[in-house]
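Here the structure comes first, spelled out in structure tokens, and everything after it is commentary.
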Amino acid sequence: MSDLTRSDTTRPSLAARLPGLSALGPLLALVLLVALGAYLNDNFLSAGNVTNVLARSAFIGMIAVGMTFVITSGGLDLSVGSMAAFIAGVMILAMNALLPMMGVGLPLILAGMAIALGAGLLAGLGNGLLVTKARIEPFIVTLGTMGIFRSLVTWLADGGTISLDFGVRQFYRPVYYSGLFGIAWPIIVFAIVAIAGQVVMRHTRFGRYCEAIGSNDKVALYSAVNVERIRLMTYVLLGLLVGLATIMYVPRLGSASGSTGMLWELEAIAAVIIGGTALKGGYGRVWGTVIGVLILSLIDNILILADLVSPYLNGTIQGVIIVLAVVLQRSKSSA
Numbered sequence: 007m008s009d010l011t012r013s014d015t016t017r018p019s020l021a022a023r024l025p026g027l028s029a030l031g032p033l034l035a036l037v038l039l040v041a042l043g044a045y046l047n048d049n050f051l052s053a054g055n056v057t058n059v060l061a062r063s064a065f066i067g068m069i070a071v072g073m074t075f076v077i078t079s080g081g082l083d084l085s086v087g088s089m090a091a092f093i094a095g096v097m098i099l100a101m102n103a104l105l106p107m108m109g110v111g112l113p114l115i116l117a118g119m120a121i122a123l124g125a126g127l128l129a130g131l132g133n134g135l136l137v138t139k140a141r142i143e144p145f146i147v148t149l150g151t152m153g154i155f156r157s158l159v160t161w162l163a164d165g166g167t168i169s170l171d172f173g174v175r176q177f178y179r180p181v182y183y184s185g186l187f188g189i190a191w192p193i194i195v196f197a198i199v200a201i202a203g204q205v206v207m208r209h210t211r212f213g214r215y216c217e218a219i220g221s222n223d224k225v226a227l228y229s230a231v232n233v234e235r236i237r238l239m240t241y242v243l244l245g246l247l248v249g250l251a252t253i254m255y256v257p258r259l260g261s262a263s264g265s266t267g268m269l270w271e272l273e274a275i276a277a278v279i280i281g282g283t284a285l286k287g288g289y290g291r292v293w294g295t296v297i298g299v300l301i302l303s304l305i306d307n308i309l310i311l312a313d314l315v316s317p318y319l320n321g322t323i324q325g326v327i328i329v330l331a332v333v334l335q336r337s338k339s340s341a
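The numbering of the sequence shown is the numbering used here, which starts it at 7 and goes up by one.
Shown next as structure tokens:
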């Protein structure tokens with residue numbers, strides 16, 4: 007082989023020679039969106055609007071952190087929005103049922119939170135067992151459970167809405183509307199989840215195993231990695247984070263219905279892909295996912311404040327973003 011041929015075949019891609027370039031892409035997009043929003047509307051950077059954007063981002067953000075681990079390990083979960091609706095319905099029904107015995111107070115709220123986390127754990131465990139033990143494709147499993155969870159909450163609500171008792175809701179409201187040092191609780195919890203997720207992904211064996219399995223599960227298996235257990239743990243983790251997001255979401259509206267959590271799965275997957283996590287698995291970036299969540303929230307907020315397009319087209323915009331993000335990922339890998 008000639009020197010010329012050797013140099014052509016071994017020449018690293020632009021992404022390999024400039025790794026920071028792709029990593030800074032989402033951050034640069036976030037900065038540009040902030041500048042655009044400030045230019046289009048004077049209230050964009052107001053404390054009220056910033057708090058509103060961050061608080062509403064927190065629900066999708068917590069779920070997206072869990073989705074990052076699932077996708078990094080080569081999986082997918084389309085059921086998270088329906089799962090959140092089902093968990094919210096079960097949580098509200100349980101709190102209403104326990105109200106005569108426990109009364110309005112902190113014990114009732116803690117019981118409801120425990121039920122939400124337990125329901126999320128069981129839902130994630132069910133998805134994970136179907137993927138790992140029954141060996142059904144994640145897309146098929148979670149597409150099926152998406153319909154199951156959505157129909158169950160609609161059945162529980164008898165086609166209408168499940169509402170939390172008014173007195174309980176008033177006592178529970180500060181979980182969403184209050185905070186610490188002027189920072190709302192959903193934002194604080196999202197920040198803690200994001201920091202913990204980044205540490206786990208980059209500095210623990212679990213995070214390394216997720217990337218190894220997503221890259222090549224057979225090689226990971228030959229390297230003494232318990233592939234089934236790690237994959238199962240990613241779905242359980244995601245279920246727990248869906249439960250946590252639901253805990254923070256319920257006091258906002260105090261109700262659940264068949265439309266609760268609609269398109270949350272689309273937003274969570276979009277945030278993960280925008281943040282730089284490989285859709286095929288093998289590489290995950292939790293901090294990138296956080297930026298992806300903020301990008302989607304800012305786009306939504308800018309469209310509303312500037313009245314550029316109908317809010318009913320938000321799903322279309324998110325779908326286009328997902329497609330473009332996947333195209334960019336493929337172009338990078340083939341460069």
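Just so you know, even glycine gets a beta-carbon here, dropped at the ideal spot from N, CA and C.
All values reported here derive from a predicted model rather than from experimental measurement.
Short Cβ contact (8 Å threshold) for residue i with residue j
i, j, result
"V206", "G126", "no"
"A100", "G118", "yes"
"L39", "I308", "yes"
"L6", "I198", "Missing from the structure shown is residue 6; the chain here goes from 7 to 341 and no further."
"A274", "I142", "no"
"L238", "G134", "yes"
"A190", "A61", "yes"
"F177", "L84", "no"
"G294", "P32", "yes"
"A64", "F196", "yes"
"L71", "A230", "Sequence inspection shows Val at residue 71; the Leu mentioned does not correspond to that position. Contact: no."
"V242", "G111", "no"
"G281", "C216", "no"
"L51", "A312", "no"
"L285", "V332", "yes"
"M89", "V278", "no"
DSSP three-state assignment for residue i, whether helix, strand or coil
i, result
"I154", "helix"
"I168", "strand"
"Y289", "coil"
"S79", "coil"
"R237", "helix"
"K224", "helix"
"L314", "coil"
"Y45", "helix"
"A163", "coil"
Cα-Cα separation between residue i and residue j, rounded to whole angstroms
i, j, result
"M59", "Y318", "Looking at the sequence itself, residue 59 is Val, so the reference to Met does not match. One C-alpha to the other measures close to 18 Å."
"P257", "A218", "39 Å"
"G343", "D48", "Residue 343 lies beyond the residue range present for the chain, which begins at 7 and ends at 341; the question has no answer from this structure."
"L114", "A94", "15 Å"
"L27", "I297", "Because the pLDDT at L27 is just 48, under 50, the model does not fix this residue reliably, and the point stays unresolved."
"L104", "T283", "42 Å"
"T210", "A202", "11 Å"
"V159", "F92", "5 Å"
"I301", "L149", "26 Å"
"I98", "S303", "27 Å"
"L128", "G245", "7 Å"
"V76", "G173", "38 Å"
"Y182", "I253", "9 Å"
"G165", "T151", "19 Å"
"Q324", "G109", "43 Å"
"S184", "S265", "26 Å"
"G136", "D223", "Here residue 136 turns out to be Leu, not Gly, going by the sequence shown. Computed Cα separation, rounded: 17 Å."
"V299", "R214", "23 Å"
"K139", "E234", "8 Å"
"L269", "L82", "15 Å"
"T322", "I310", "15 Å"
"V292", "N102", "36 Å"
"I305", "L30", "19 Å"
Residue i - partner residues in DSSP beta bridges
i, result
"I189", "L186"
"S261", "S169"
Inter-residue CB distance, residue i and residue j (contact presumed, cutoff 8 Å)
i, j, result
"L330", "L123", "Incorrect: roughly 35 Å between the Cβ atoms, too far for contact."
"S221", "G288", "4 Å"
"V96", "I121", "7 Å"
"I328", "A262", "Wrong, their Cβ atoms sit about 26 Å apart, outside the cutoff."
"L170", "G260", "4 Å"
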